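See below for the structure under consideration.
Protein chains: 2
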Amino acid sequence: MKNDTRALIIETASELFYKNGYNLTGINEIIAKAGIAKATLYSHFKSKEELCLAYLDARDNDLLKNIKEHCQNKSKGDKQLIGVLDFLIPFFQSGAFNGCWCIRTVAEIPRDNKLIKKKIKSNKKLFMNFIEGLVRENKNELTKAKQSKLAKRIYILYESAVSESHLQEDLWPIEESIDLLKNLLKDLKQAKTAN
Amino acid sequence: MKNDTRALIIETASELFYKNGYNLTGINEIIAKAGIAKATLYSHFKSKEELCLAYLDARDNDLLKNIKEHCQNKSKGDKQLIGVLDFLIPFFQSGAFNGCWCIRTVAEIPRDNKLIKKKIKSNKKLFMNFIEGLVRENKNELTKAKQSKLAKRIYILYESAVSESHLQEDLWPIEESIDLLKNLLKDLKQAKTAN
DNA sequence: TCATATAGACAGACTTGTCTGTCCTAAAAT
DNA sequence: ATTTTAGGACAGACAAGTCTGTCTATATGA
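Those protein sequences? They're chains A and V, same order as listed.
Position one of the first sequence corresponds to residue -13 (my numbering), numbered consecutively onward.
Position one of the second sequence corresponds to residue -13 (my numbering), numbered consecutively onward.
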């Protein structure tokens, strides 16, 4: 039950933080929506900042889980790599999409908040590791250096697809990123047959 | 003199908004740094929101001017297109860099603030137009459709370079974006000679 | 009975924006 | 040449509201 309450707080805060922003969401709004008392919230989290860290973790864990699942449902090979990007299409269309919570949160906190920045960087690293693993699995003919380069490229394409589809309120940046990635994968094939 | 004061206000606000964030920068901080009275500020801008619009315009105009200059100093051809991206290297290293003010501002305002969102989209469109013009000038052998596609790709690479170098606090996303663009341009050359 | 939930008052520090009244400078009118 | 007039900037108090986080006092459930 204590865990239930904690999970409920995180879930509620996560919804509001992501939808309306971290600074624009007050503690009072969170407890009202969760139907709990303020003292209850502060018994689980010693500050709003701590709740923010939990929010970032919850979002990132959830994303990683879903995107892994999405990719595993694709056939082996390029499809799985492209899966990282086309995962964004239904996400964007779901209406729950509101850009990258990491970038949005960084935009809202003071410059010297190391704690939150560290958490975000560490979570992005986990995401990067996931992509690298996916590349290794599906492009094991490539050298390590080329695998790493491809992973980085998929990562930046993913990030720009997220940020720009959000800003433009349009699907085109996602589609263009996918298209670009397909080009890259085709180039790798050509380079291979050329050798 | 009136124009000087107005310019001073915008410059001061621009510095603080970009460095510390829009919501975290108070009117009192702006007037203290600018050395002006509150009534003076409010005689030039009827609200903080209006000052925000002026800040976005000032930043975007400045950027466009500088990036145009940077590209014009490059030799005609691919170099000018790559210029859009390698412009970011000295910017990042200058210490004045703090990510994309548009995305950061969007992250801070309420969801339903159409005014600021409209301004940002309109300024991004101007930036896109600039890239399209640059592509037309330097890739006039391409069809219009291919020019438009290339422009979009440069745009998303630019945006991801900005966002990710900021988030990662590292130059690698910029360098990787440049590298990716060079690949794309090489592909276009190969496709041309192949035909 | 005892832990834990509740509602909500409260402190204290912020926020934006308004308003009053003073001062200075420069142009216009005498 | 001297006086008047007007515009802008000034300092700073103030209203009205926001925020986080603490605390008290009551209720509920094991």
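We treat Cβ as the ideally placed atom computed from N, Cα and C, and that holds for glycine.
It should be emphasised that the depicted structure is a prediction, and the values quoted were computed from it without experimental measurement.
Check	Outcome
If contacts are defined as beta-carbon pairs under 8 angstroms, then Y163 (chain V) and L71 (chain V) qualify, I think. What distance do you get, rounded to the angstrom?	The sequence as given places Ser at residue 163 (chain V); Tyr does not occur at that position. That belief holds up - the Cβ atoms of S163 (chain V) and L71 (chain V) are roughly 5 angstroms apart, short of 8 angstroms.
Hey, I(-5) (chain A) and L27 (chain A) are a contact pair by Cβ (cut 8 angstroms); roughly how many whole angstroms apart?	6 angstroms
Judging by CA-CA distance, which residue of V:A44, V:K54 and V:G7 is the nearest neighbour of G85 (chain V)?	V:G7
In chain order, what residues of the same chain have a beta carbon less than 6 angstroms from the beta carbon of Y4 (chain A), not counting five sequence neighbours either side?	N84 and W87
Between N9 (chain A) and chain V, is there a C-beta pair that is closer than 8 angstroms?	yes
State yes or no: is the beta carbon of A20 (chain V) nearer than 8 angstroms to at least one beta carbon in chain A?	no
Within the same chain, show all residues whose beta-carbon is closer than 6 angstroms to that of M114 (chain A), passing over the 5 residues directly before and after it, in chain order.	Y141
Taking all protein chains shown into account, do 16 or more other C-beta atoms lie within 10 angstroms of the C-beta of K104 (chain A), making it buried, or fewer, making it exposed?	exposed
According to DSSP, simplified to helix, strand and coil, what is R122 (chain A)?	helix
Is K62 (chain A) closer than 8 angstroms to F116 (chain A) when the C-beta atoms are compared?	no
Can you tell which of A:L171, A:I22 and A:L153 has its C-alpha closest to the C-alpha of I89 (chain A)?	A:L153
Does the separation of the CB atoms of F78 (chain V) and L167 (chain V) fall below 8 angstroms?	no
Residues of chain V with a CB under 8 angstroms from the CB of N169 (chain A): which are they?	L170 and D173
Can you list, in chain order, the residues of its chain whose CB lies under 8 angstroms from that of L101 (chain A), leaving out five sequence neighbours each side?	E35 and L39
For the alpha helix (DSSP H) containing Y141 (chain A), name the first residue and the last one.	K130 to Q154
Is there a Cβ from chain V that is less than 8 angstroms from the Cβ of R122 (chain A)?	no
If you follow the alpha helix (DSSP H) that E35 (chain V) is in, where does it begin and where does it stop?	K34 to Q58
Nearest-angstrom Cα distance between E155 (chain A) and D165 (chain A)?	19 angstroms
Quick check on the burial criterion: 16 or more other C-beta atoms within 10 angstroms. Buried or exposed for P96 (chain A)?	exposed
List the endpoints of the continuous alpha helix (DSSP H) containing C88 (chain V).	W87 to V92
Relative to the C-alpha of I22 (chain V), which residue among V:A177, V:D(-10), V:A147 and V:D173 is closest?	V:D(-10)
How would you call E94 (chain V), buried or exposed, if buried means at least 16 neighbouring beta carbons within 10 angstroms?	buried
Could you pull the start and end residues of the alpha helix (DSSP H) that A23 (chain A) belongs to?	Taken as a continuous stretch (DSSP letters only), A23 (chain A) belongs to no alpha helix (DSSP H), as it is neither H nor E.
What's the C-alpha gap between C57 (chain A) and N47 (chain A)?	15 angstroms
How about Q66 (chain A) and L120 (chain A): are their beta carbons less than 8 angstroms apart?	yes
For K125 (chain A) and N52 (chain A), what's the separation of their Cα atoms in angstroms?	22 angstroms
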